[in-house]
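Trainee: As they're listed, the protein sequences go chains E and X.
Each residue of the first sequence is one higher than the one before, starting from 1 at the first, in our numbering.
Each residue of the second sequence is one higher than the one before, starting from 1 at the first, in our numbering.
Just passing along the structure, written as structure tokens.
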Amino acid sequence: MTPSASDGAAMSGDTVTVLPRPAAASRAGGLLDRLRNIEPVSLLWAALAAALLFLVAAPLVKLFVASFETQGTGAFTLSNYATAYGRQRYLDALVNSLTLGLLSAAISVVLAVPMAWAVSRTDMPGKGLTWAAVLGAFVVPPYLAAIGWILLAGPNSGFVNQAWRWLTGAEGALVNVYSFTGLALVIALNSFPLVFILVKAALDLISSEMEDAANIIGAGPWTTMWKVTLPLAWPAVLAGFILVFLETIALFGTPAIIGIPARINVVTTQLWQFFEYPVRVEVAAAYAMPLLLVTVGLIAVQKLLLGRKGFVSQTGKGGERRMVRLGPFRWVLFGWCAGVGALAVVMPVLVLIQASFAKAWGRGLALDNLTLRNYALLLFEHEMALTSVWNTIWFSAAAATIAGAIALLVAYLVNRRLVPFGEVLGFLCMAPFVIPGIVMAIGFYAAYASPPLALYGTATLLILAFTARFLPIAYANSQAAVRAVHPEMEEAARILGAGRLQSIARVTAPLLKKSLLGGWLIVFILASRELSAAVFLVGPRTRTMSVLLYDLSEAGNFEVLAAFGGILLAITLVLVAVGMKLAGRDFMLRRE
Amino acid sequence: MSRLVLRGLTKAFGKLTVVDAVDLALEEGEFVSLLGPSGCGKTTTLRMIAGFLEPTAGAIEMDGRVISSPGSVMPPERRRMSMIFQSYAIWPNMTVEENVAFGLKLRKLPSEEVRRRTAEILEVVQMSHLAGRYPAELSGGQQQRVALARAIVVKPSVLLLDEPLSNLDANLREEMRFEIRRLHDEFRITTVYVTHDQAEAMATSDRIAVMNAGRIEQVDVPHLLYTRPRTRFVAGFIGRTNLLEGRLAEGEIALDGFALKVAQLADRVPEAGNRPILLSVRPQSMVLHRTPPSANGRPVLPAMVAERVYLGESWDYVVRPRDSGLRLRVAAPPLQVHEVGDPVWLEMDPRQIAVVD
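Okay, structure coming up:
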């Protein structure tokens, strides 16, 4: 799999080998000659544009068009909108999504900002552990965390409530995951890394001299933090808030696993219901519009916030940073970080592992409760489990490779200015960033599920959807990688006698290899746990692990479910470890 | 026959003309600098010579054959040139030795010869002891030497250098200047050197082409460029100078408060006509006297010291000739001290005055 990077680069060279022909050959050729010279790059440009239109633009357009079509006939109608917004239940779901988004984002900020400040600016101990907690929360798929928290905080047999009853002798439950707050907390505990990464990056840029300037005119450490440091990071906090909000309103797994039993209906679960037999794609398309519009709007706001230079102090010089000395209070902060880490990662993962080896998870750790039956069932008896593992691996690998190749070619064309209007291609690559995965899935379904392409239930449909969904990440990664290789590196090879293809193969490709591999792994990892698009597009034979996990959660067999989650986590962890080894320790959390 | 000829070479990006009808011819083995401020088009010219850019108009010929013209550009890899880049562009994934051997291997030379020539050139640039190192382990100056070795080892028909010293600190820059000239004296490779640093150009070049706003203002050997600047820009860009506006009439140039005889100037000036004229007078070409000097035919003006700055190597005086609004900068040796306000006699040397367009 790994050489995808260099393959991509080599390909670009092949098709880009432009141009110029020896002078003697032709001066009279004029226009014809010129056309012949430009052709190969233009062909590549056209091919990439076609691929991107197919992957990104067409599904979006189809989504929009479908929302005005009558099912079957395709005649223009407004009735889809009337249906989608005509029932109190559907409107409630909209309100629920917004409220849930706000609540989760607020909790995430509360959880993450002290952690970011502690890691970036203070002498708090255990920074490595805090990083591990953040990375852990980032790596654990949200729906697995949700299942973990069902085992922890289910009102009857959740471990936390069992312990509470045992300790106090009380009758009721201490916490109930099947509640609006419970749902918001579980989401926040999984999403806070987004806030952490943004805020820490902003804090890292603030030089200690800013704080010194406040200290010297009489502000203590606390006043300085409240009046100087945090306000400087304020745009990043807001940007993180927006990201978590958007993540939450587009999230399917957690609301489906926790929300449906708790009778909390949100937009994504409602969309899912429109896809129950008989499938009403047109209504779903109409109903998905607010999600799309809110996302586009807020991403624009977020860009504006982070783009306002001069506010976040981006000085290169005077950037010396000293850590704020906290005294005994540093242990309080450490406790906070450790607590978040325990709630977000350690506790849910531990109960999942426990359940995966248990005959009945509620009986807890006991020798006679231990069994390997759950794993054995999945590996040797379950008809779909192994297929889904295989599906997940090869869909993700294919999507990561295609997305990586397209992204690399476009990044190369744009960066080296080899074609006019290259930016159009770059824009198309980045566009899926503002499309929630679930909306994109509905677009793909509307555009390609039925004839003429009739891709429903095929691996192709899933691979294409994954490719489109993670194209922006692959593109951002490729862009950074290509930008880091100075064009003069290639030119130096060419002037010494290497053709364009040769200089790319001998010089550029080896230099890009590492970062492209990192990008490939990120897309692979994200695709391998993707649920909200997959759940709409899988057929009976193309179930991925994430979808099968969701199916199992509906069946309620938590021991088998946990074992399957364990397998997914193990695969992810191996890949993360490989990535850290090959592409650098922070390859997943780098801020692009 | 000239090795490399630029004929009316022009490059426009959209409406912006960056290089404007440049004509230049290099003899075999000649070292010519393109000197000018940033944005004057010198790097664009170099990149057209290398074949990375296509000219909008004009042509480039090598050994009598057109290698670049609009719509038809021989690709860089077939020009048998080599180039040293501003960023050095030393490939970080190869050792010093592999970097240097790269071009030789592309030429499919026997490995024995590749090894021998690589070793020889590394000896010449004093990098033999670091042959196995990776570029990340080298200093800026060492990387520069690798870049030089890599470019020279292939015995290119033309060597191109794009501001190769601009990333080095001052001392190293001076050292590398002489290194570049030494290598040129040894290998006699036809060379085009782009720089914005006049001292660099003076130290290395056989001839310098001064560029401004896409055009070549003057091509000359270094000392003539200094003593006989042809344009206002060249006079101001190469060293410091006093530019005096005057009026030519009846064999005399009338300046503010005094006049010079045209016959005394070394430059040939058509005496006829009554027209404005511009003179460049170098600070080093004038002498300050405490008392009126004995008459020797040179113009002497009574003046007063208006400002002074001590620069260590010399005094930098600003003097005001009597009955004149002019303020002239004059360089004087360190021991020649005049106080501000002192009366002085300013002696000019007409032979060192240049008439500028």
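The beta carbon of each residue, even a glycine, is placed where N, CA and C say it ideally should be.
Bear in mind that the values here come from a model prediction, so they are computed numbers and not experimental data.
Just mark Asp-18/X as buried or exposed, buried being the case when its beta carbon has 16 or more other beta carbons within 10 Å.
Mentor: Note that residue 18/X corresponds to Val in the displayed sequence, not to Asp. Val-18/X is buried by the Cβ-count criterion.
Trainee: With Val-344/X and Val-281/X assumed to form a contact (beta carbons below 8 Å), what rounded beta-carbon distance in angstroms separates them?
Mentor: That belief does not hold up - the Cβ atoms of Val-344/X and Val-281/X are roughly 16 Å apart, past 8 Å.
Trainee: In or out: Leu-60/E buried (at least 16 other Cβ within 10 Å) or exposed?
Mentor: Label assigned to Leu-60/E: buried.
Trainee: Please report how far the alpha carbon of Glu-209/E lies from the alpha carbon of Ser-87/X, in whole angstroms.
Mentor: Straight-line Cα distance between these residues: approximately 33 Å.
Trainee: For chain E, check one thing: does any of its Cβ atoms lie closer than 7 Å to the Cβ of Pro-76/X?
Mentor: Yes, contact with chain E.
Trainee: What residues in the segment 167–189 of chain X have a beta carbon less than 9 Å from any beta carbon of chain E?
Mentor: From the segment 167–189 of chain X, no residue has a Cβ closer than 9 Å to chain E.
Trainee: Contact check, Phe-564/E vs Ala-385/E under 8 Å by CB: the rounded distance?
Mentor: The pair is a contact, with the Cβ atoms about 7 Å apart (cut-off 8 Å).
Trainee: By Cβ distance, which residues of its chain are closer than 8 Å to Val-538/E, with the 5 residues on each side in sequence left out?
Mentor: Cβ neighbours of Val-538/E beyond the five flanking positions: Gly-457, Leu-462, Thr-544 and Val-547.
Trainee: Would you say Val-65/E reaches chain X, if we count a Cβ-Cβ gap shorter than 7 Å as a contact?
Mentor: No - not a single Cβ of chain X is within 7 Å of the one on Val-65/E.
Trainee: Along the chain, where does the alpha helix (DSSP H) containing Leu-203/E start, and where does it finish?
Mentor: Residues 180–204.
Trainee: Decide yes or no for the touch test of the segment 506–523 of chain E against the segment 189–208 of chain X: beta carbon pairs closer than 8 Å, at least 3 of them.
Mentor: Contact fails: fewer than three Cβ-Cβ distances are below 8 Å.
Trainee: Using DSSP's beta-bridge definition, name the partner residues of Gln-218/X.
Mentor: Gln-218/X pairs with Val-210/X.
Trainee: Thinking C-alpha only, which one of Glu-61/X, Gln-144/X and Val-262/X is nearest Leu-168/X?
Mentor: Comparing Cα positions, the closest option is Gln-144/X.
Trainee: Decide if Asp-357/X is buried, meaning its Cβ has at least 16 other Cβ atoms within 10 Å, or exposed.
Mentor: Exposed, by the Cβ-count rule.
Trainee: Just to confirm the assignment, what range does the beta strand (DSSP E) spanning Tyr-277/E have?
Mentor: From DSSP, Tyr-277/E is part of no beta strand (DSSP E); its letter is neither H nor E.
Trainee: Could you say which of Asn-99/X, Gly-214/X, Arg-107/X and Thr-231/X lies nearest to Met-489/E if we only look at CA atoms?
Mentor: The shortest C-alpha separation from Met-489/E is found at Asn-99/X.
Trainee: Considering only their Cβ atoms, is the gap separating Val-439/E from Ala-286/E smaller than 7 Å?
Mentor: No, the pair does not count as a contact, with Cβ atoms beyond the cut-off.
Trainee: Would you mind telling me which residues of chain X sit closer than 7 Å to Ile-504/E, beta carbon to beta carbon, in chain order?
Mentor: Chain X residues near Ile-504/E: none, gap ~12 Å exceeds 7 Å.
Trainee: Less than 8 Å between the CB atoms is what I'm expecting for Ala-459/E and Thr-542/E, so what's the real figure, rounded?
Mentor: That pair is a contact at about 5 Å.
Trainee: Looking at C-beta atoms only, is the number of pairs between the segment 525–533 of chain E and the segment 497–517 of chain E that lie closer than 8 Å three or more?
Mentor: With the cut-off at 8 Å, the segment 525–533 of chain E and the segment 497–517 of chain E do not touch.
Trainee: If you follow the alpha helix (DSSP H) that Ala-354/X is part of, which residue opens it and which one closes it?
Mentor: Looking at the DSSP string, Ala-354/X is not in any alpha helix (DSSP H); the run it does join, the beta strand (DSSP E), is 354–356.
Trainee: Hey, would you say Arg-320/X sits closer than 7 Å to Arg-327/X, going by beta carbons?
Mentor: The answer is yes: Cβ separation under 7 Å.
Trainee: If contact is defined by three or more beta carbon pairs under 8 Å, each pair taking one atom from either stretch, is the segment 44–60 of chain X in contact with the segment 469–479 of chain E?
Mentor: Segments in contact, no.
Trainee: At least one CB of chain E closer than 7 Å to the CB of Gly-103/X: is that the case?
Mentor: For Gly-103/X, the answer is yes, since a Cβ of chain E falls inside 7 Å of its Cβ.
Trainee: Quick one: list the residues of chain E neighbouring Phe-52/X, beta-carbon separation under 7 Å, in chain order.
Mentor: What Phe-52/X touches in chain E: Glu-491.
Trainee: Helix, strand or coil: which one does DSSP assign to Ser-205/X?
Mentor: Looking at Ser-205/X - three-state DSSP - the assignment turns out to be coil, as it is neither helix nor strand.
Trainee: Is the Cβ-Cβ distance between Glu-339/X and Arg-298/X less than 7 Å?
Mentor: Not a contact, by the Cβ cut-off of 7 Å.
Trainee: Check the Cβ of Trp-91/X against every Cβ in chain E and list those closer than 9 Å, keeping chain order.
Mentor: The answer, in chain order, is Met-489, Ala-492, Ala-493, Arg-506, Val-507, Pro-510 and Leu-511.
Trainee: By the criterion of Cβ-Cβ separation under 8 Å, what are the contact partners of Val-154/X in chain E?
Mentor: Near Val-154/X (Cβ distances below 8 Å), the residues of chain E are Leu-496 and Gly-497.
Trainee: Per DSSP, Asn-557/E forms a beta bridge with which residues?
Mentor: Answer by DSSP bridge pairing: none, since Asn-557/E is not bridged.
Trainee: Please report the straight-line C-alpha distance between Glu-179/X and Pro-114/E, rounded to a whole angstrom.
Mentor: So the alpha carbons of these two residues sit roughly 57 Å apart.
Trainee: So, does the segment 205–221 of chain E touch the segment 264–283 of chain E, judging by three or more C-beta pairs under 8 Å?
Mentor: Taking 8 Å as the limit for Cβ pairs, the verdict is that the segment 264–283 of chain E does not touch the segment 205–221 of chain E.
Trainee: Going by CA-CA distance only, name the one from Ala-57/E, Leu-43/E, Leu-52/E and Gly-220/E that's closest to Ala-446/E.
Mentor: Of the listed residues, the one whose Cα sits closest to Ala-446/E is Ala-57/E.
Trainee: What are the boundary residues of the alpha helix (DSSP H) that includes Thr-223/E?
Mentor: 221–224 is the span of the alpha helix (DSSP H), which, as asked, contains Thr-223/E.
Trainee: Would you verify that the beta carbon of Met-81/X is, or is not, closer than 7 Å to some beta carbon of chain E?
Mentor: Interface residue, yes.
Trainee: Hey, quick one: how far does the beta strand (DSSP E) through Ser-68/X stretch, first residue to last?
Mentor: Note, Ser-68/X: beta strand (DSSP E), 65–69.
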